[in-house]
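Notes follow the structure.
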Amino acid sequence: MKRNRRRPESLSLPMQLWMAVFLGLALLYIVGLSLLKSAGDLHVTNEITGENYVRILSGRYAEVLWLSVRLAALTTLISLALGYPFAYIMTRLGPRARVWVLLLVIAPSWTNALIRIYGWKILLYANGPINSLLQTLGIIDRPLKLLYTEGAVLLGMVYAMLPFVILPVYTGIERMDWRRVEAARDLGASPFRAFLTITLPMTLPSLLAACVLTFLPSVGLIFLSDILGGANTVLWGNVVQDELLKSRDLPFAAALSAVLLLLTLIVILLYRRAGGRGEEMVF
Amino acid sequence: MKDRTPLLSLRGVKKRFDGFEALRGIDLDIYPGEFVSLLGPSGCGKTTTLRLIAGLDSADEGVILLDGQDISNLPPEKRQVNTVFQQLALFPHMNVEKNVGYGLRMRGEKKEKIAKRVQEMLSLVQLSGLEKRMPSQLSGGQQQRVALARALAVGPRVLLLDEPLSALDLHIRRFMNRELKRLQKESGVTFLYITHDQEEAMNMSDRIALMNAGAFVQVGTPQELYDAPATAFAASFIGQSNLLEGTLREADGERGILTIGNADVPCRLRRPASSGEKWFLCLRPERLRCAAAPEGDFALPAVLREHSFVGGVLRSEAELADGRLLILQRQAEEDAPMTPGQPVFISWNPETAPLVPWEEATHEA
Ligand SMILES: Nc1ncnc2c1ncn2[C@@H]1O[C@H](COP(=O)(O)OP(=O)(O)O)[C@@H](O)[C@H]1O
Ligand SMILES: [Mg+2]
Numbered sequence: 000m001k002r003n004r005r006r007p008e009s010l011s012l013p014m015q016l017w018m019a020v021f022l023g024l025a026l027l028y029i030v031g032l033s034l035l036k037s038a039g040d041l042h043v044t045n046e047i048t049g050e051n052y053v054r055i056l057s058g059r060y061a062e063v064l065w066l067s068v069r070l071a072a073l074t075t076l077i078s079l080a081l082g083y084p085f086a087y088i089m090t091r092l093g094p095r096a097r098v099w100v101l102l103l104v105i106a107p108s109w110t111n112a113l114i115r116i117y118g119w120k121i122l123l124y125a126n127g128p129i130n131s132l133l134q135t136l137g138i139i140d141r142p143l144k145l146l147y148t149e150g151a152v153l154l155g156m157v158y159a160m161l162p163f164v165i166l167p168v169y170t171g172i173e174r175m176d177w178r179r180v181e182a183a184r185d186l187g188a189s190p191f192r193a194f195l196t197i198t199l200p201m202t203l204p205s206l207l208a209a210c211v212l213t214f215l216p217s218v219g220l221i222f223l224s225d226i227l228g229g230a231n232t233v234l235w236g237n238v239v240q241d242e243l244l245k246s247r248d249l250p251f252a253a254a255l256s257a258v259l260l261l262l263t264l265i266v267i268l269l270y271r272r273a274g275g276r277g278e279e280m281v282f
Numbered sequence: 000m001k002d003r004t005p006l007l008s009l010r011g012v013k014k015r016f017d018g019f020e021a022l023r024g025i026d027l028d029i030y031p032g033e034f035v036s037l038l039g040p041s042g043c044g045k046t047t048t049l050r051l052i053a054g055l056d057s058a059d060e061g062v063i064l065l066d067g068q069d070i071s072n073l074p075p076e077k078r079q080v081n082t083v084f085q086q087l088a089l090f091p092h093m094n095v096e097k098n099v100g101y102g103l104r105m106r107g108e109k110k111e112k113i114a115k116r117v118q119e120m121l122s123l124v125q126l127s128g129l130e131k132r133m134p135s136q137l138s139g140g141q142q143q144r145v146a147l148a149r150a151l152a153v154g155p156r157v158l159l160l161d162e163p164l165s166a167l168d169l170h171i172r173r174f175m176n177r178e179l180k181r182l183q184k185e186s187g188v189t190f191l192y193i194t195h196d197q198e199e200a201m202n203m204s205d206r207i208a209l210m211n212a213g214a215f216v217q218v219g220t221p222q223e224l225y226d227a228p229a230t231a232f233a234a235s236f237i238g239q240s241n242l243l244e245g246t247l248r249e250a251d252g253e254r255g256i257l258t259i260g261n262a263d264v265p266c267r268l269r270r271p272a273s274s275g276e277k278w279f280l281c282l283r284p285e286r287l288r289c290a291a292a293p294e295g296d297f298a299l300p301a302v303l304r305e306h307s308f309v310g311g312v313l314r315s316e317a318e319l320a321d322g323r324l325l326i327l328q329r330q331a332e333e334d335a336p337m338t339p340g341q342p343v344f345i346s347w348n349p350e351t352a353p354l355v356p357w358e359e360a361t362h363e364a
């Protein structure tokens, strides 16, 4: 039924042009760059070569990619596990309470993300509030190493990504026709089975959208692993950054970016295979 | 019918929404195998009644009994009643077969048994062969049948239907009316059918519970409601009627004389009435006689106004001496041709014209 609302294609032409020029061409430029030979210091020769990719395949990059994907996947899973129930409960609140909770979810994004991550850093310091509290309560003798761990990065990522689960899922559940859940109860389903067989499948599109919206940014996050993970947690984004700003090897950085691009493409294709149409990403 | 024990009973059921009284204490008994309609205008509390029976809402006062057991506090999944919802509420991510088998799966029935029952249900609603279709690939009427099969598959003691046909075109609706009646007879399941369409209710029901503003106006067979409406609302909501205000001049047992304007007409008193009281006389358009000269004991003089043909039936309006309009309905060929503007005399059989309690403001159906 929603499909019938499709607007005439011509109306979206300016938008498509904009995307083609500023996104499509830029991406093509990166892929093109990745096939050139570096002349050092952000310069390139016009010799075409595949050796940048050979270098990626041979180095420790597979390890970095694996860690990035693993952390992003974990971030997605944890965010879903926290965000879905949160969004579900939100839809069951009264209209006034709902507005306040929604505000609490969105309000943090009004401050700079960097500042918020530094906030976490302060909390996680060896002599920071969390360790002090645990020591005062006598739960631990010595401060725990919280900062500069994978766990800290994961915590920061979940914190940053949670709204991107809560908002689409909230919209998805909010749009759902509760009468179908009532029909399930009427036919003999307990509240829990009605949730599993009706609510969950019917909100699956928003869940898929939340996966994409969480996973993709998580793979590419840079400053988060810098600040909370230090030198211990090197993610794909950090490698790209290093190649660009430290080694100043433009083509190689482009090749690394192209890998990320490919990953993005694969995720989007999987999303579409699963039936996602992108509608749920607008909220 | 009355000597059997009721299958479903409502006793003094009340429901409020934020102080608004949606149900003001309703009582109803439904007997096994009956087809009972809950008829009333939109917003009178029909859906609310049904949701209370299904357990989707809880009553503020009163009890609901199924087979003599108080089910008021059971959750919906524990009540042996099933519902065909107004908006159908089919499961969009399941095909026809999965939709119809849903209740049986929830009950943990064996696969073979479910498959067999689903086939039975689909052939009952004449949808065999469409097992694998998704609800979105079905027409409105077919979706209707899936919803019906889904609710019947579980074997409810009472099937609750909330205006299941209201989204369909008129001619499909009338066809589905007959289908539903056939289905009810074949399955033997007790139906509680909600509708705001009096024609539908009259066609299908064993009994009708006529509802208005959160209360029952009258409960009875279609014939009873038509022949002896309890209130002016009942008279105008069911069928068409002319309600003429009059004062009882004489009341002698079952016989009375009613003064309408400056004419006296005989009437039959079916309930206690005394002279001097105001009453409505309920005249059904098809029970009125219209003649060029007075016939019989009495007749109201009038002037013929509009004519119109509707499906072989001639409908006309006649204006009484005091300016009130009467609607008449006659078979087209039956009477001598009459022309608008012509003086006529209106009469009727007093036995077929019930008295209805007079009230200040009358409702228009
Ligand atoms: N959940 C609700 N909250 C507030 N008012 C309601 C609710 N459900 C029904 N009502 C009100 O109760 C009255 C009866 O509604 P309903 O039973 O749906 O009527 P019907 O089915 O006869 O059209 C209406 O005035 C309606 O506005
Ligand atoms: Mg209703």
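Same order as they appear, the protein sequences are chains A and B.
Just so you know, numbering that gives the first Met the number 0 puts 142 at position 143 of the first sequence, and the rest follows in order with no gaps.
Just so you know, numbering that gives the first Met the number 0 puts 65 at position 66 of the second sequence, and the rest follows in order with no gaps.
Virtual Cβ for every residue (Gly too), placed ideally from N, Cα, C.
Small disclaimer: the values here were computed from a predicted structure and weren't measured.
- Message: Tell me which residues of the segment 151-168 of chain B have at least one Cβ-Cβ distance to chain A shorter than 9 Å, keeping chain order.
- Response: Cβ contacts with chain A come from Ala152, Val153, Leu159.
- Message: According to DSSP, arginine 23(B) sits in a beta bridge with which residue or residues?
- Response: Counting from one through the second sequence, the residue named residue 23(B) turns up at place 24. According to DSSP, arginine 23(B) bridges with Lys13(B).
- Using a beta-carbon distance cut-off of less than 9 Å, what residues from the segment 187-217 of chain A approach chain B? Gly187, Ala188, Ser189, Pro190, Arg192, Ala193, Thr196, Ile197, Pro200, Met201, Leu203
- Of the listed residues Arg267(B), Asn241(B), Phe236(B), nearest to arginine 248(B) (C-alpha basis): The residue you call residue 248(B) lines up with position 249 of the second sequence. With distances taken between Cα atoms, arginine 248(B) lies closest to Arg267(B).
- Just to check, is the beta-carbon of threonine 46(B) closer than 6 Å to a non-hydrogen atom of ligand 2? Indexing the second sequence from 1 puts residue 46(B) at position 47. Indeed, a heavy atom of ligand 2 lies less than 6 Å from the Cβ.
- Query: In three-state DSSP terms, what is histidine 306(B)?
  - Reply: Residue 306(B) sits at position 307 when you count from the first residue of the second sequence. Strand, per DSSP.
- Message: Quick check on methionine 175(B): buried or exposed, where buried means 16 or more other Cβ atoms within 10 Å of its Cβ?
- Response: The sequence position of residue 175(B) within the second sequence is 176, counting from 1. The residue is buried, with at least 16 neighbouring Cβ atoms inside 10 Å.
- Of all the CB atoms in chain B, is at least one closer than 7 Å to the CB of alanine 230(A)? Numbered from 1 along the first sequence, position 231 holds the residue referred to as residue 230(A). Cβ-Cβ to chain B under 7 Å: no for alanine 230(A).
- Message: Quick check: does the Cβ of glycine 54(B) come within less than 6 Å of any heavy atom belonging to ligand 1?
- Response: Within the second sequence, residue 54(B) is the residue found at index 55, counting from 1. No, Cβ of glycine 54(B) sits at least 6 Å from all heavy atoms of ligand 1.
- Counted within 10 angstroms of its Cβ, other Cβ atoms place aspartate 185(A) as buried (16 or more) or exposed: Start at 1 with the first residue of the first sequence, and residue 185(A) comes out as number 186. Buried.
- Item | Residue-chain proximity (glutamate 181(A), chain B), Cβ-Cβ < 7 Å | Residue numbering aside, residue 181(A) sits at position 182 when the first sequence is read from its first letter. Output row for glutamate 181(A): interface = yes.
- Item | Close-in-space but distant-in-sequence residues of the same chain around proline 342(B) (CB under 6 Å, 5 per side omitted) | Counted from its first residue, the second sequence places residue 342(B) at position 343. The answer, listed in chain order, is Val302.
- Query: Since glycine 18(B) meets chain A, which of its residues come closer than 8 Å, beta carbon to beta carbon?
  - Reply: Position 19 of the second sequence holds residue 18(B). Chain A residues near glycine 18(B): none, gap ~17 Å exceeds 8 Å.
- With a cut-off of 7 Å, does the C-beta of glutamate 76(B) fall near any C-beta of chain A? Taking the first residue of the second sequence as 1, we reach residue 76(B) at position 77. Yes, glutamate 76(B) counts as interfacial toward chain A.
- Just mark tyrosine 83(A) as buried or exposed, buried being the case when its beta carbon has 16 or more other beta carbons within 10 Å. Stepping through the first sequence from its first residue, residue 83(A) is reached at position 84. Looking at its Cβ environment, which holds 16 or more other Cβ atoms inside 10 Å, tyrosine 83(A) is buried.
- Query: How many Å lie between glycine 61(B) and glycine 67(B) at the Cα?
  - Reply: If you number the second sequence from 1, residue 61(B) lands on position 62. If you number the second sequence from 1, residue 67(B) lands on position 68. Their backbone Cα atoms lie some 14 Å apart in a straight line.
- Please say whether alanine 233(B) and glutamine 217(B) have beta carbons closer to each other than 7 Å? Residue 217(B) sits at position 218 when you count from the first residue of the second sequence. Residue 233(B) sits at position 234 when you count from the first residue of the second sequence. Result yes, Cβ atoms of glutamine 217(B) and alanine 233(B) sit closer than 7 Å.
- Query: What span of residues does the alpha helix (DSSP H) with phenylalanine 191(A) cover, start to end?
  - Reply: Looking up residue 191(A) in the first sequence gives position 192. Unbroken alpha helix (DSSP H) run through phenylalanine 191(A): 190-193.
- Give a yes or no on whether the C-beta atoms belonging to glutamate 149(A) and threonine 232(A) are separated by under 7 Å. As a first step, residue 149(A) is located in the first sequence; it is residue number 150 there, counting from the start. As a first step, residue 232(A) is located in the first sequence; it is residue number 233 there, counting from the start. The answer is yes: Cβ separation under 7 Å.
- Item | Runs of beta strand (DSSP E) wholly within the segment 152-230 of chain B (minimum 3 residues, chain order) | 157-161, 189-194, 206-211, 214-219
- When the Cα of threonine 246(A) is compared with those of Val20(A), Ala257(A), Gly229(A), Gly39(A), which residue comes out closest? Along the first sequence, one-based indexing puts residue 246(A) at 247. Note on identity: in this sequence residue 246(A) is serine, with threonine being the wrong assignment. The shortest Cα separation from serine 246(A) among Val20(A), Ala257(A), Gly229(A), Gly39(A) belongs to Gly39(A).
- chain A contact for valine 88(B) (CB, 7 Å cutoff): Looking up residue 88(B) in the second sequence gives position 89. Residue identity differs from the one stated: residue 88(B) is alanine in this sequence, not valine. Closer than 7 Å to some Cβ of chain A, the Cβ of alanine 88(B) qualifies, so yes.
- Thinking leucine 215(A) and alanine 273(A) are a contact (beta carbons under 8 Å), I'd like their distance in whole angstroms, please. Taking the first sequence and counting its residues from 1, one reaches residue 215(A) at position 216. Taking the first sequence and counting its residues from 1, one reaches residue 273(A) at position 274. That belief does not hold up - the Cβ atoms of leucine 215(A) and alanine 273(A) are roughly 15 Å apart, past 8 Å.
- Message: Among Glu244(B), Ile345(B), Leu38(B), whose alpha-carbon lies nearest the alpha-carbon of leucine 327(B)?
- Response: Taking the second sequence and counting its residues from 1, one reaches residue 327(B) at position 328. Checked all of Glu244(B), Ile345(B), Leu38(B); the closest Cα to leucine 327(B) is Ile345(B).
- Apart from the five residues just before and just after leucine 122(A), which ones in its own chain have a Cβ nearer than 7 Å to its Cβ? Position 123 of the first sequence, counting from 1, holds the residue named residue 122(A). Only Pro128, Ile129 meet the Cβ criterion.
- Query: For valine 35(B) versus leucine 191(B), is the C-beta spacing smaller than 7 Å?
  - Reply: The residue labelled residue 35(B) in the question sits at position 36 within the second sequence. The residue labelled residue 191(B) in the question sits at position 192 within the second sequence. Taking 7 Å as the Cβ cut-off, valine 35(B) and leucine 191(B) qualify as a contacting pair.
- Message: One question on the structure: do arginine 179(A) and glutamine 86(B) come within less than 7 Å of each other, judged by their Cβ atoms?
- Response: On the first sequence, residue 179(A) is found 180 positions in, with the first residue counted as 1. On the second sequence, residue 86(B) is found 87 positions in, with the first residue counted as 1. Going by C-beta atoms, arginine 179(A) is not nearer than 7 Å to glutamine 86(B).
- Message: I'd like to confirm something about valine 21(B): is its beta-carbon nearer than 6 Å to some heavy atom of ligand 1, or not?
- Response: Residue mapping note: residue 21(B) aligns to position 22 of the second sequence, counting from 1. Here the sequence assigns alanine to residue 21(B), which means valine is not the residue at that position. Because some heavy atom of ligand 1 lies under 6 Å away, the Cβ of alanine 21(B) counts as near it: yes.
- When the Cα atoms are used, what is the spatial distance from leucine 186(B) to arginine 50(B)? In the second sequence, counting from the first residue as 1, residue 186(B) sits at position 187. In the second sequence, counting from the first residue as 1, residue 50(B) sits at position 51. The sequence as given places serine at residue 186(B); leucine does not occur at that position. Taking the straight line joining both Cα atoms gives about 23 Å.
- Would you report the Cα separation of methionine 0(A) and isoleucine 88(A), rounded to the nearest angstrom? By one-based count along the first sequence, residue 0(A) stands at place 1. By one-based count along the first sequence, residue 88(A) stands at place 89. Residue placement at methionine 0(A) cannot be trusted, given a pLDDT of 39 that sits under 50; what the coordinates show is reported in the next sentence. One C-alpha to the other measures close to 28 Å.
- Message: For aspartate 185(A), report the span of its alpha helix (DSSP H) as first-last.
- Response: Numbered from its first residue, the first sequence carries residue 185(A) at position 186. Looking at the DSSP string, the run of the alpha helix (DSSP H) that includes aspartate 185(A) is 177-185.
- For the segment 157-184 of chain A, which residues have a CB atom closer than 8 Å to at least one CB atom of chain B, in sequence order? Asp176, Arg178, Arg179, Glu181, Ala182, Ala183, Arg184
- Straight-line CA distance for isoleucine 221(A) to threonine 263(A)? Here residue 221(A) refers to the residue found at position 222 of the first sequence. Here residue 263(A) refers to the residue found at position 264 of the first sequence. Isoleucine 221(A) and threonine 263(A) have their alpha carbons spaced roughly 16 Å apart.
- Paired residues, beta bridge with proline 342(B) - DSSP: Taking the second sequence and counting its residues from 1, the one referred to as residue 342(B) is at position 343. Its beta-bridge partners are Val302(B).
- In chain order, what residues of the same chain lie with their CB nearer than 7 Å to the CB of serine 274(B), ignoring the 5 residues before and after it? Here residue 274(B) corresponds to residue number 275 of the second sequence, with the count starting at 1. Cβ within range, chain order: Leu247, Arg248, Glu249, Ala250.
- Query: Whose C-beta lies closer than 6 Å to the C-beta of lysine 131(B) among residues of the same chain, with five residues either side of it excluded?
  - Reply: Reading the second sequence from its first residue, position 132 is the one you call residue 131(B). The residues are Asn94.
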